[in-house]
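As C-alpha cells, the structure follows; a few thoughts come after it.
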Amino acid sequence: QVQLVESGGGLVQPGGSLRLSCSASGSIFRINRVGWFRQAPGKEREFVAGISWSGAYTNYQASVKGRFFISRDNAKNTIFLQMNSLKLEDTAVYYCYADVQNRYWGQGTQVTVSS
Numbered sequence: 196q197v198q199l200v201e202s203g204g205g206l207v208q209p210g211g212s213l214r215l216s217c218s219a220s221g222s223i224f225r226i227n228r229v230g231w232f233r234q235a236p237g238k239e240r241e242f243v244a245g246i247s248w249s250g251a252y253t254n255y256q257a258s259v260k261g262r263f264f265i266s267r268d269n270a271k272n273t274i275f276l277q278m279n280s281l282k283l284e285d286t287a288v289y290y291c292y293a294d295v296q297n298r299y300w301g302q303g304t305q306v307t308v309s310s
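Counting with my numbering, you get residues 196 to 310 for the letters of the sequence shown.
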C-alpha cells in the first residue's frame with residue numbers, strides 16, 4: 196500500500212501563487228506515476244497534472260499548462276505542484292494520487308482563490 200499526505204493549501208488572491216506538497220510512504224518502489232486531481236464544489240474530480248515516478252514525463256490539463264508545474268524530490272519521496280497566476284476557477288480541493296496496480300489518493304487540501 197501507499198500512503199499520501201498533502202499540504203500547502205490555503206487562501207490566495209487572484210494572480211497569486213501556492214505550492215502544494217504530497218509526501219508518499221509505504222510501497223513507494225511500486226509507484227509508476229503520481230500527480231494531482233482537483234474537485235470544485237458541484238463538479239466532478241478532474242485531472243490537473245501528472246509525473247512519472249522517474250520524473251522524466253509530465254502532462255497537464257490544458258487550462259493549467261504554463262501556470263502550474265509538477266515536480267518531485269526523489270530523496271524525500273515528495274511531489275510538488277507549483278501553482279502560479281491563480282484564477283478564481285482554480286478554487287477546489289486538490290488531491291494527490293499514486294498509481295501502482297491500484298490508484299491511491301491523499302485526503303485532499305483546500306485551495307481557495309478569492310479577492
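We put the beta carbon where it would ideally sit given N, CA and C, even for glycine. Values in this document were obtained by computation on a predicted structure and should not be read as measured data.
Please confirm whether residue i and residue j have their CB atoms less than 8 Å apart.
| i | j | result |
| --- | --- | --- |
| residue 222 | residue 196 | yes |
| residue 208 | residue 280 | no |
| residue 278 | residue 212 | yes |
| residue 270 | residue 219 | no |
| residue 275 | residue 262 | no |
| residue 237 | residue 305 | no |
Within a Cβ cutoff of 6 Å, which residues of the same chain sit near residue i, ignoring the five residues on either side of it in sequence?
| i | result |
| --- | --- |
| residue 253 | 246 and 265 |
| residue 285 | 308 |
| residue 290 | 232, 300, 301 and 303 |
| residue 240 | 232 and 234 |
Less than 8 Å between C-beta atoms, sequence neighbours within five positions excluded: which residues of the same chain meet that for residue i?
| i | result |
| --- | --- |
| residue 226 | 197, 219, 248, 293, 294 and 295 |
| residue 151 | Here the chain comprises residues numbered 196 to 310, so residue 151 is not present and cannot be evaluated. |
| residue 214 | 203, 275, 276, 277 and 278 |
What residues in its chain sit with their C-beta under 7 Å from that of residue i, if we drop five residues either side in the sequence?
| i | result |
| --- | --- |
| residue 259 | 243 and 244 |
| residue 235 | 286 and 287 |
| residue 282 | 209 and 308 |
Is there a C-beta anywhere in chain B that falls below 8 Å from the one on residue i?
| i | result |
| --- | --- |
| residue 286 | Absent from the structure is chain B; it holds one protein chain and no more. |
> Where in the region 203 to 267 do unbroken runs of the beta strand (DSSP E), each at least 3 residues long, occur, reported from the N-terminal end onward?
Replying inline: Taking only runs of at least 3 residues, the beta strand (DSSP E) segments lying wholly in the region 203 to 267 are 205 to 207, 213 to 221, 228 to 234, 241 to 247 and 253 to 255.
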